[in-house]
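According to UniProt numbering, the sequence shown is numbered sequentially starting from 1.
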Amino acid sequence: MSKEINTNSMIGEGAIFEGKFHVAGSFRIDGHFEGELTVKDHLFISPVGKLKTDTVYTKTIAVAGIFMGNIEASEEVLLLSTGRVLGNIKSPKMVIEPGVVVQGTIDITGKPGASPKIEIPSLDEDRFSKKISNKNIKSQGSTEDLPNI
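In structure tokens:
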């Protein structure tokens, strides 16, 4: 994610916005926003910014402020050290700096729209149900003192 982002729209520090907002480019929040938000390109929440929404849909997002809601980013999520996220995050790529607080689940699939396929090997039930007797233990000394397993 590039450090230099051209911002099409922003909510300035001290400003409060409630409602629906759909941005065709990039969006920066230095104030407070509560409502429905869709950002086509990049969303940046500054250290003084606060966003409260159900789910934000964007290509990339950088959180340095407070985010309350769910994040669905098609490319990347960057959580900066001052960032606070209360909600679930879904993205193919994520960068987390030390100091970030996240309360929710994180789903990193590796590529957009993909869910990892995990195969769990079956357990050999007989292997776990067999008892081992003292007669099967080879030892230099006596096996009389060994407990039965």
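Note that the Cβ used here is the ideal one computed from N, Cα and C, for glycine as well.
The model shown is predicted, which means the values in this text are computed figures rather than measured ones.
Taking C-beta to C-beta, are residue i and residue j nearer than 9 Å?
i, j, result
"residue 167", "residue 61", "As shown, the chain starts at 1 and ends at 149. That puts residue 167 outside it, with no answer to give."
"residue 51", "residue 34", "yes"
"residue 38", "residue 26", "no"
"residue 71", "residue 96", "no"
"residue 19", "residue 32", "no"
Should residue i be flagged as near chain C, meaning a C-beta pair shorter than 9 Å?
i, result
"residue 104", "Protein chains in the displayed structure number just one, and chain C is not present."
Can you tell me the Cα-Cα spacing of residue i and residue j, whole angstroms?
i, j, result
"residue 24", "residue 57", "12 Å"
"residue 15", "residue 47", "14 Å"
"residue 128", "residue 108", "The predicted position of residue 128 is uncertain, since its pLDDT is 49 and thus under 50; a value taken from the coordinates is nonetheless stated next. Distance between the alpha carbons of residue 128 and residue 108 is about 35 Å."
"residue 21", "residue 106", "25 Å"
"residue 73", "residue 45", "14 Å"
"residue 67", "residue 53", "8 Å"
"residue 17", "residue 29", "10 Å"
"residue 139", "residue 83", "In this prediction, residue 139 has a pLDDT of 48, which is less than 50 and means its spatial position is unreliable; what the coordinates show is noted afterwards. The alpha-carbon atoms of residue 139 and residue 83 are separated by roughly 60 Å."
"residue 91", "residue 55", "13 Å"
"residue 41", "residue 59", "5 Å"
From the options, pick the residue whose C-alpha is nearest to that of residue i; which is it?
i, options, result
"residue 81", "94, 67, 63 and 92", "63"
"residue 98", "78, 40, 41 and 55", "78"
"residue 101", "93, 59 and 65", "65"
"residue 103", "59, 36, 69 and 55", "69"
Is residue i buried or exposed, if buried means 16 or more other CB atoms sit within 10 Å of its CB?
i, result
"residue 9", "exposed"
"residue 12", "exposed"
Jot down the residue ranges of each uninterrupted beta strand (DSSP E) in the segment 8-60, minimum 3 residues, whole runs only, in chain order.
-> For secondary structure counted as the beta strand (DSSP E) over 3 or more consecutive residues, the segment 8-60 holds these complete runs in sequence order: 9-11, 16-23, 27-29, 32-39 and 42-45.
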